[in-house]
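Structure, as structure tokens:
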Amino acid sequence: RLGLTASLLAVARAATTCSSLEAQCNATNSFDSCRSLEAACPRGGHRFADDCEHVFLDVGANIGMHARFLFEPSLYPKSRFLAVFDQVLGPNRDPARVCVLALEPNPSHRARLRHLEKTYRSRGFRYTYLPVAAWHALGELSFFPNRKVAKGRRHNEWGFGLKCRDGDCANAVNAVAIDLAAFTRHHILDRRRPAGAAPGRVVAKIDVEGAEFNIFPHLLDARVLCSIDYLTVEWHPAFAPFDLASLGSLRLETEQEAEIF
Numbered sequence: 005r006l007g008l009t010a011s012l013l014a015v016a017r018a019a020t021t022c023s024s025l026e027a028q029c030n031a032t033n034s035f036d037s038c039r040s041l042e043a044a045c046p047r048g049g050h051r052f053a054d055d056c057e058h059v060f061l062d063v064g065a066n067i068g069m070h071a072r073f074l075f076e077p078s079l080y081p082k083s084r085f086l087a088v089f090d091q092v093l094g095p096n097r098d099p100a101r102v103c104v105l106a107l108e109p110n111p112s113h114r115a116r117l118r119h120l121e122k123t124y125r126s127r128g129f130r131y132t133y134l135p136v137a138a139w140h141a142l143g144e145l146s147f148f149p150n151r152k153v154a155k156g157r158r159h160n161e162w163g164f165g166l167k168c169r170d171g172d173c174a175n176a177v178n179a180v181a182i183d184l185a186a187f188t189r190h191h192i193l194d195r196r197r198p199a200g201a202a203p204g205r206v207v208a209k210i211d212v213e214g215a216e217f218n219i220f221p222h223l224l225d226a227r228v229l230c231s232i233d234y235l236t237v238e239w240h241p242a243f244a245p246f247d248l249a250s251l252g253s254l255r256l257e258t259e260q261e262a263e264i265f
């Protein structure tokens, strides 16, 4: 009964969020509200990754460097991620057949990421910037810039996250939160493939300052995680809901263990 109640509340919250975003998009036609609406509340058959053979899902894109490693590899020969793209997508991949979906809720990076999208699209590359946060359900979250953490200003606000960590807690910013499992299934796993193309691969990078401990159980429960061919994660043990440091490592070998996690 409690589970049913929680599910009904989640549905109601999602409907409210979608209605609010639709009203904002219709009233202002702003990039943030309209693109967030597309990401959070898919309508009809539109999918961001349609007609792409491969997909790179960049969750916590920051200023978009990993997309540059993919589309401009000659500029970043020392990037360790180049080996990932070569291994999973193939060294002779056609960049025009790879979709990048970049999720980044930090408004400080909005102008840069929009410019990156415009520039890449002018070159025939499928780069889509989504000003949303990854979460286990649809709604709204408050984030803190934490500009004094991890040399924040110099390092493009690496500490931007759900917890206030530098004492400056009055500058929270709100962002639309999407159900990452539902987003991945709709826009990526169920995408329309190019005619005659191989099944294609999915690479994901997740760096979300502790929110991974909320997101991953949901991805497992929704049976989405194992559909990603290659996944890299920056773990933040300090934000874990258990003493991860004392465990040394975490192995989930059965469905029961995954449910407990």
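Just so you know, we're using the numbering used here here: the sequence shown kicks off at 5 and counts up by one.
Every residue, glycine too, gets a C-beta built ideally from N, C-alpha and C.
The structure presented is a predicted model; accordingly, all values stated were derived computationally and were not measured.
Checklist line | Extent of the continuous beta strand (DSSP E) to which Ala106 belongs | finding: First-last of the beta strand (DSSP E) with Ala106: Val102 to Leu107.
Item checked: Rounded separation between Ala115 and Ala137 - CA only -> Going by the C-alpha atoms only, they are around 17 Å apart.
Next item on the list: Please classify His50: is it buried, with 16 or more other beta-carbons within 10 angstroms of its beta-carbon, or exposed?
Entry: The residue in question, His50, is exposed, as its Cβ has fewer than 16 Cβ neighbours within 10 Å.
Check: Looking at the structure shown, is His119 part of a helix, part of a strand, or coil, going by DSSP?
Finding: Three-state result, His119: helix.
Note to self: Less than 9 Å between the C-beta atoms of Ala266 and Leu145, yes or no?
What the structure shows: Absent from the model: residue 266. The displayed extent of the chain is 5 to 265, so no value can be given.
Next item on the list: Please classify Ala53: is it buried, with 16 or more other beta-carbons within 10 angstroms of its beta-carbon, or exposed?
Entry: It is buried - the Cβ of Ala53 has at least 16 other Cβ atoms within 10 Å.
Check: Taking just the CA atoms, how far does Ala201 sit from Asp36?
Finding: Rounded to the nearest angstrom, the two C-alpha atoms are 33 Å apart.
Check: So Ser37 is in the alpha helix (DSSP H); what residue range does that whole segment cover?
Finding: Under the DSSP assignment, Ser37 falls in the alpha helix (DSSP H) whose first and last residues are Phe35 to Ala44.
Notebook entry, point to check: Relative to the alpha-carbon of Leu74, which residue among Val88, Val237 and Glu216 has its alpha-carbon at the smallest distance?
Noted result: Of the candidates Val88, Val237 and Glu216, Val88 places its Cα closest to the Cα of Leu74.
Next item on the list: With DSSP as the reference, label Arg127 as helix, strand or coil.
Entry: Reduced to three states, the DSSP call for Arg127 is coil.
Checklist line | Residues of its chain near Pro198, where Cβ-Cβ distance is below 7 Å and the 5 sequence neighbours each way are ignored | finding: Same-chain partners within the cutoff: Asp55, Glu57 and Arg101.
Checklist line | Three-state class that DSSP yields for Asn218 in the structure shown | finding: Helix, per DSSP.
Next item on the list: Just confirm the distance between the C-beta atoms of Leu105 and Thr123, as a whole number of angstroms; I'd bet it's less than 8 Å.
Entry: The pair is not a contact, with the Cβ atoms about 17 Å apart (cut-off 8 Å).
Checklist line | First through last residue of the alpha helix (DSSP H) which encompasses Leu145 | finding: Per DSSP, Leu145 is not a residue of any alpha helix (DSSP H); the beta strand (DSSP E) it occupies stretches across Gly143 to Phe147.
Checklist line | Nearest residue (CA-CA) to Asn66, options Asp170, His113, His222 and Gly128 | finding: Closest option to Asn66, Cα to Cα, is His113.
Notebook entry, point to check: Helix or strand or just coil, what does DSSP make of Asp225?
Noted result: Looking at Asp225 - three-state DSSP - the assignment turns out to be helix.
Margin query: Quick check on Thr20: buried or exposed, where buried means 16 or more other Cβ atoms within 10 Å of its Cβ?
Written below: By the beta-carbon neighbour count (other beta carbons within 10 angstroms, threshold 16), Thr20 is exposed.
Notebook entry, point to check: Which of the three DSSP states, helix, strand or coil, is assigned to Asp170?
Noted result: In the structure shown, Asp170 sits in coil (DSSP, three-state: anything other than H, G, I, E or B).
Next item on the list: Note down the Cα distance separating Cys38 from Ala186, rounded to an integer number of angstroms.
Entry: Their backbone Cα atoms lie some 18 Å apart in a straight line.
Note to self: So for Phe243, helix, strand or coil by DSSP?
What the structure shows: Correct three-state label for Phe243: helix.
Item checked: Where Leu61 falls, given that 16 or more other Cβ within 10 Å makes a residue buried -> Burial of Leu61 is indicated by the presence of at least 16 other C-beta atoms within 10 angstroms of its C-beta.
Check: Cβ of Leu142 within 9 Å of Cβ of Ala14?
Finding: A contact, by the Cβ cut-off of 9 Å.
Item checked: Euclidean distance between Cα positions of Asp172 and Asn96 -> In a straight line, the C-alpha of Asp172 is about 47 Å away from that of Asn96.
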